[in-house]
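2 protein chains.
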Amino acid sequence: MSLFVMKFGGSSVGDTERMQRVARRVAQKQDEGHQCVVVVSAMGDTTDELIDQAKILNDKLPAREMDMLLTTGEQISIALLSMAIQSLGRETVSYTGWQAGFRTEPVHGKARITDIQPERVLRSLEEGKIVIVAGFQGISEEGEITTLGRGGSDTTAVALAAAIKADACEIYTDVDGVYSTDPRIVKVARKLSEISYDEMLELAHLGTAVLHPRAVEYAKHSKVPLVVRSSFTYNEGTVVKEEAALEQGVVVSGIAYDKNVARISILGVEDIPGVLAGMFGALAREQIDVDIIVQSGISDGKADFSFTVTLDDRERAIEVIQGMESILPFREITSEDGLVKISIVGAGMVSHPGVAAQMFEVISSQGVNIKMVSTSEIKVSCVVEGTKLNEVIRALHTAYKLDAEVQAFVGGPQDRR
Amino acid sequence: MSLFVMKFGGSSVGDTERMQRVARRVAQKQDEGHQCVVVVSAMGDTTDELIDQAKILNDKLPAREMDMLLTTGEQISIALLSMAIQSLGRETVSYTGWQAGFRTEPVHGKARITDIQPERVLRSLEEGKIVIVAGFQGISEEGEITTLGRGGSDTTAVALAAAIKADACEIYTDVDGVYSTDPRIVKVARKLSEISYDEMLELAHLGTAVLHPRAVEYAKHSKVPLVVRSSFTYNEGTVVKEEAALEQGVVVSGIAYDKNVARISILGVEDIPGVLAGMFGALAREQIDVDIIVQSGISDGKADFSFTVTLDDRERAIEVIQGMESILPFREITSEDGLVKISIVGAGMVSHPGVAAQMFEVISSQGVNIKMVSTSEIKVSCVVEGTKLNEVIRALHTAYKLDAEVQAFVGGPQDRR
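Residue numbers (the working numbering), protein chains in the order written: chain A, 5 to 421; chain B, 5 to 421.
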């Protein structure tokens with residue numbers, strides 16, 4: 005007998021019919037002789053509908069009251085799913101975040117879990133019950149209802165799996181696993197049977213939406229095996245774990261891309277000590293995430309810098325830099341969009357030199373200019389013009405021997421929360 | 005500065021527009037220099053919509069999970085109302101039942117409050133905040149979410165008012181007070197400026213839907229003055245308190261009626277000791293509420309009994325009695341519907357003999373037969389044929405000098421929960 009945490013996102017429980025399908029799936033797992041804890045998100049559009057109502061009443065959407073409001077979404081889901089599973093003749097019990105023992109920081113909208121006290125969950129499991137837990141929510145020491153922010157239900161599932169020492173945490177979504185790249189672009193994208201936490205983390209950070217980075221970090225930290233699989237099919241999913249088996253000759257596991265990229269260039273910056281620290285410190289204080297940073301050389305005691313931010317942050321980032329001109333003088337600031345960041349990820353890269361060089365060559369062979377480069381032990385990212393994205397991805401996919409023999413299954417819109 | 009608990013029912017917060025009206029009303033109360041705690045029900049049809057979804061998934065509607073489900077309704081209301089009041093520039097905080105300190109029996113669907121620990125509410129009041137509390141809900145000692153059942157939000161408001169020693173508990177509803185009788189029947193029904201707890205209790209039990217009996221009992225016990233008033237107008241409401249001022253010459257305060265009445269008659273019952281106890285004990289065990297009981301005489305060692313139950317309980321009551329025939333033999337069992345129970349209520353009755361006789365006379369003068377009679381210190385009830393209900397009520401209203409000079413304001417459908 006194994007103990008599984010099964011997480012179902014909002015679109016998997018979008019209506020009562022889907023809820024019944026999830027119920028049957030959970031019951032089946034129990035029939036196979038396993039103990040089950042189910043973590044569930046709010047049903048389909050519930051969260052958006054609640055936000056719409058709130059906007060009418062207070063356009064500032066005060067964070068504490070928004071947590072009070074939005075946590076009802078998951079509470080509705082757990083109650084209904086619990087009833088659905090009970091109607092299949094099983095004993096179940098549903099718990100809100102605070103009932104399941106999720107303690108968090110006293111922060112609203114994006115609290116981090118500080119502690120899990122899973123005694124009630126464990127007791128109910130011992131009683132032979134299927135336990136259904138509300139994702140995305142917890143309670144602060146002061147007894148305030150909090151939410152974990154985006155990707156919260158994934159994090160709930162992983163953290164709970166770690167706390168109760170589950171054998172695995174299964175993330176059910178509307179794709180049937182992690183793919184070597186976006187199957188909408190590359191029809192022969194390959195479903196990965198295994199991938200390491202670190203690779204998954206890079207892919208997650210690079211905009212592959214299957215798992216939230218925070219959940220992967222939690223899984224890595226606590227060594228909980230994750231399984232990403234479809235709630236609509238019975239296909240084997242992708243296992244995310246410490247050390248993934250490397251397929252023969254495959255050094256790159258996946259290719260990701262991110263269109264949400266703007267490049268800002270600051271030209272003719274006075275090359276005095278502390279310039280970089282001052283500039284990027286100011287951006288950090290404004291909560292602007294800077295991704296790739298490149299210093300492109302010094303002439304006449306002046307330096308040129310480029311860095312990338314998300315499209316949303318572009319205007320604010322420029323304002324911050326302009327506001328510092330009296331302290332950090334520069335000649336010119338420019339920005340550019342229509343770009344895309346393409347990344348290759350693979351744990352095998354570290355022992356295979358020339359992987360980056362091959363990437364530059366493939367991109368160039370498509371007649372596409374590389375604007376910025378950034379590398380880590382298991383990743384190479386290039387910021388390029390976005391015009392020939394699909395061609396570049398397809399060429400890289402083939403070059404790194406990722407093409408599968410059959411076409412990928414492509415699900416609906418993905419399940420994020 | 006006074007401390008008020010203001011309770012708004014589901015139709016008062018039925019949509020965002022009404023929510024905003026309630027918000028302004030609460031802000032106004034604060035502007036008048038008062039501290040405010042607001043108790044609120046689920047918005048309009050929320051509860052029914054949740055029940056409809058639950059029915060699809062599990063027609064047994066398991067009680068624990070139904071409490072988990074339905075308490076989200078009030079949680080949505082408090083969050084939205086809190087945001088609406090904040091947008092008027094006030095500091096507010098919303099609390100669920102368990103956050104506000106409502107401890108209940110470990111029973112689902114109809115728990116009684118065992119204790120209130122209002123420290124968080126009091127602390128927030130001291131901080132100058134308007135406190136918004138979810139009606140209808142609490143928590144058991146085991147940490148289970150419970151609901152108080154029908155009339156629950158009224159009870160929440162009254163119990164909280166008692167616990168925090170509020171100066172009054174205002175129940176905002178869609179009628180502007182307690183009337184001498186149903187204004188839909190008697191256009192010149194009179195709005196009562198004051199009424200005693202005991203009178204209100206009788207009226208509440210007799211089907212006048214403005215306040216739930218449990219809430220009135222709680223108010224009586226804790227001596228919290230209640231005010232019933234409209235959430236749509238600024239008219240003075242009705243004050244419910246220990247001793248209501250008696251108007252000159254008025255012995256009857258109100259006239260109530262109840263159409264939900266069936267009479268069951270058991271004829272030729274063996275007159276052996278314990279017959280009544282056996283019969284009504286069996287009905288009680290089946291949760292059948294028996295209202296009026298009349299033993300109509302003994303001949304040949306056989307007795308005839310009549311009693312009333314609600315229309316819903318009629319069939320079950322007959323089955324229970326028939327099931328006991330071997331132990332409690334009788335000749336015949338019959339039942340009758342199309343009846344109505346009419347009651348006159350007045351604290352002044354006790355010192356004015358002849359009030360009951362006058363009632364019988366008025367009913368007879370309308371050519372209506374009286375089938376059963378029951379009296380208490382402040383009430384006389386008659387079960388009569390339902391055919392001429394309106395004429396009888398109007399005649400009684402005039403006879404007891406209750407007719408007002410102006411027509412009553414009649415609101416929409418009443419707010420029960």
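Think of the CB as a built atom: it goes at the ideal place given N, C-alpha and C, for glycine as much as any other residue.
Since the model is a prediction, treat every value here as computed from it, not as a measurement.
Can you tell me which residues form a DSSP beta bridge with M10 (chain A)? Against the first sequence, residue 10 (chain A) aligns to sequence position 6. DSSP lists A:V42 and A:E174 as partners of M10 (chain A).
key: DSSP state of F236 (chain B) mapped onto helix, strand, coil   = Position 232 of the second sequence holds residue 236 (chain B). DSSP places F236 (chain B) in coil when its eight states are reduced to three.
Determine the DSSP secondary structure at A339 (chain A), reduced to helix, strand or coil.
Sequence index remark: in the first sequence, residue 339 (chain A) carries index 335 (1-based). Looking at the sequence provided, one finds Ser at residue 339 (chain A) rather than Ala. Correct three-state label for S339 (chain A): strand.
Please compile the residues from chain B whose C-beta is within a distance smaller than 7 Å of the C-beta of Q32 (chain A).
In the first sequence, the residue the question calls residue 32 (chain A) occupies position 28. Those within 7 Å of Q32 (chain A) in chain B number zero; the least Cβ separation is about 17 Å.
Can you list, in chain order, the residues of its chain with a C-beta nearer than 8 Å to that of T108 (chain B)? Leave out the 5 residues immediately preceding and following it.
Reading the second sequence from its first residue, position 104 is the one you call residue 108 (chain B). Counting only Cβ-Cβ distances below 8 Å, and skipping sequence neighbours, we find A115, R116, I117, T118, G142, I143, S144, T150 and L152.
Q) Should Q418 (chain B) go down as buried or exposed, given a rule of 16 or more other Cβ atoms within 10 Å for buried? A) As a first step, residue 418 (chain B) is located in the second sequence; it is residue number 414 there, counting from the start. Model confidence at Q418 (chain B) stands at a pLDDT of 44, short of 50, so the residue's coordinates are unreliable and nothing is read from them.
So, with DSSP's three-state summary, where would you put M2 (chain A)?
Chain A is shown only over 5 to 421; residue 2 (chain A) falls outside these bounds and no answer can be derived.
field: Sub-8 Å separation of S6 (chain A) and S45 (chain A) beta-carbons
entry: Taking the first residue of the first sequence as position 1, residue 6 (chain A) is located at position 2. Taking the first residue of the first sequence as position 1, residue 45 (chain A) is located at position 41. Not in contact: S6 (chain A) and S45 (chain A) (Cβ atoms no closer than 8 Å).
Quick one: what does DSSP say E274 (chain A) is sitting in, helix, strand or coil? By one-based count along the first sequence, residue 274 (chain A) stands at place 270. If DSSP states are grouped into helix, strand and coil, E274 (chain A) belongs with the strands.
query: At a Cβ threshold of 8 Å, is V17 (chain A) touching chain B?
result: Mapped onto the first sequence, residue 17 (chain A) falls at position 13. Judged by the 8 Å Cβ criterion, V17 (chain A) is not in contact with chain B.
Item to check | Own chain, CB closer than 8 Å to V254 (chain A), minus 5 neighbours either side, in chain order | outcome: Taking the first residue of the first sequence as 1, we reach residue 254 (chain A) at position 250. Same-chain partners within the cutoff: G350, G352, Y404, K405 and L406.
| field | Same chain, Cβ closer than 7 Å to A360 (chain A), five either side skipped, listed in chain order | value | Taking the first sequence and counting its residues from 1, one reaches residue 360 (chain A) at position 356. These residues qualify, in order along the chain: T379 and V384.
Should A193 (chain A) be flagged as near chain B, meaning a C-beta pair shorter than 8 Å? Locating residue 193 (chain A) in the first sequence gives position 189, counting from the first residue. Answer no: the Cβ-Cβ gap between A193 (chain A) and chain B never drops below 8 Å.
Q) Quick one: does T20 (chain A) have its CB under 8 Å from some CB of chain E? A) Protein chains A and B are contained in the structure displayed, whereas chain E is not.
query: Are any of the Cβ atoms in chain A nearer than 8 Å to that of V44 (chain B)?
result: Taking the second sequence and counting its residues from 1, the one referred to as residue 44 (chain B) is at position 40. No - not a single Cβ of chain A is within 8 Å of the one on V44 (chain B).
Handout entry: Within chain A, the residues that Q57 (chain B) reaches when beta carbons sit closer than 7 Å
Key = Numbered from its first residue, the second sequence carries residue 57 (chain B) at position 53. Ordered by position in chain A, the residues that pass the 7 Å Cβ test against Q57 (chain B) are T20 and L84.
ask   = Distance, Cα to Cα, G132 (chain B) vs L126 (chain B)?
value = Here residue 132 (chain B) corresponds to residue number 128 of the second sequence, with the count starting at 1. Here residue 126 (chain B) corresponds to residue number 122 of the second sequence, with the count starting at 1. Taking the straight line from one Cα to the other gives about 10 Å.
Exercise. Might you give, ordered along the chain, the residues of its own chain that have their beta carbon closer than 6 Å to the beta carbon of G77 (chain B), omitting 5 neighbours on each side?
Key: In the second sequence, the residue the question calls residue 77 (chain B) occupies position 73. A46, T50 and T51, listed in sequence order.
Exercise. Would you check if the distance between the CB atom of L332 (chain B) and the CB atom of V294 (chain B) is smaller than 8 Å?
Key: Along the second sequence, one-based indexing puts residue 332 (chain B) at 328. Along the second sequence, one-based indexing puts residue 294 (chain B) at 290. No. Outside cutoff.
Q) Under the rule that 16 or more other beta-carbon atoms within 10 Å means buried, what is Y261 (chain B), buried or exposed? A) The residue labelled residue 261 (chain B) in the question sits at position 257 within the second sequence. Under this definition Y261 (chain B) is a buried residue.
In this structure, how does DSSP classify V243 (chain A) when only helix, strand and coil are distinguished? By 1-based counting over the first sequence, the position of residue 243 (chain A) is 239. Strand, per DSSP.
Can you list, in chain order, the residues of its chain with a C-beta nearer than 8 Å to that of G282 (chain A)? Leave out the 5 residues immediately preceding and following it. Counted from its first residue, the first sequence places residue 282 (chain A) at position 278. Hits under 8 Å: M328, I331 and L332.
Does the Cβ-Cβ distance between V231 (chain B) and V135 (chain B) come in under 8 Å? Residue 231 (chain B) sits at position 227 when you count from the first residue of the second sequence. Residue 135 (chain B) sits at position 131 when you count from the first residue of the second sequence. No, Cβ-Cβ distance for V231 (chain B) and V135 (chain B) is not below 8 Å.
Report task. Please report how far the alpha carbon of V190 (chain A) lies from the alpha carbon of V396 (chain A), in whole angstroms. Result -> Against the first sequence, residue 190 (chain A) aligns to sequence position 186. Against the first sequence, residue 396 (chain A) aligns to sequence position 392. Their Cα atoms are separated by approximately 10 Å.
If we define contact as Cβ-Cβ less than 8 Å, is E69 (chain A) a contact residue for chain B? Numbered from 1 along the first sequence, position 65 holds the residue referred to as residue 69 (chain A). By this cut-off, E69 (chain A) is an interface position.
Close-in-space but distant-in-sequence residues of the same chain around G342 (chain A) (CB under 6 Å, 5 per side omitted): Reading the first sequence from its first residue, position 338 is the one you call residue 342 (chain A). These residues qualify, in order along the chain: G390.
Specify, as a first and last residue, the run of the alpha helix (DSSP H) that Y222 (chain A) falls within. In the first sequence, the residue the question calls residue 222 (chain A) occupies position 218. Here the alpha helix (DSSP H) through Y222 (chain A) covers P217 to S226.
State buried or exposed for I302 (chain B), treating a residue as buried only when at least 16 other CB atoms are found within 10 Å of its CB. Counting from 1 along the second sequence, the entry for residue 302 (chain B) is found at position 298. Exposed, by the Cβ-count rule.
query: Which residues in chain A sit within 9 Å of M10 (chain B), going by Cβ to Cβ distance?
result: Within the second sequence, residue 10 (chain B) is the residue found at index 6, counting from 1. By Cβ distance, chain A contributes nothing, its closest Cβ being about 18 Å from M10 (chain B), past 9 Å.
(message) For G415 (chain A), which residues in the same chain have their Cβ closer than 8 Å to its Cβ, ignoring the five residues on either side in sequence?
(response) Within the first sequence, numbered from 1, the residue matching residue 415 (chain A) stands at position 411. Below a pLDDT of 50, predicted positions are generally treated as unreliable, and G415 (chain A), at 49, falls in that range; no measurement from the model is reported.
Subject >> Buried versus exposed call for L315 (chain B) [16 or more other C-beta atoms within 10 Å across all chains shown] >> reply: Locating residue 315 (chain B) in the second sequence gives position 311, where the first residue counts as 1. L315 (chain B) comes out exposed.
Have a look at F12 (chain B) and H225 (chain A) and give me their C-alpha separation to the nearest angstrom.
Translated into positions along the second sequence, residue 12 (chain B) becomes position 8. Translated into positions along the first sequence, residue 225 (chain A) becomes position 221. Cα-Cα distance, rounded: 48 Å.
Just to check my reading of the structure: G139 (chain A) and G156 (chain A) have Cβ atoms closer than 8 Å, yes? What is that Cβ distance to the nearest angstrom?
What you label residue 139 (chain A) is simply residue 135 of the first sequence in a count that begins at 1. What you label residue 156 (chain A) is simply residue 152 of the first sequence in a count that begins at 1. Indeed they touch by this definition, with Cβ atoms about 6 Å apart.
*asked:* Using the Cβ count rule (16 or more neighbours within 10 Å means buried), how would you classify I276 (chain B)?
replied: One-based indexing of the second sequence puts residue 276 (chain B) at position 272. Under this definition I276 (chain B) is an exposed residue.
In the DSSP output, what is M328 (chain B) paired with across the bridge?
The count along the second sequence starts at 1 and reaches residue 328 (chain B) at position 324. Paired residue(s): none; M328 (chain B) is not in a bridge.
Fill in: Contacts of A88 (chain B) in chain A (Cβ-Cβ under 8 Å)
Position 84 of the second sequence, counted from the start, is the residue given in the question as residue 88 (chain B). Neighbours of A88 (chain B) on chain A, chain order: L61 and N62.
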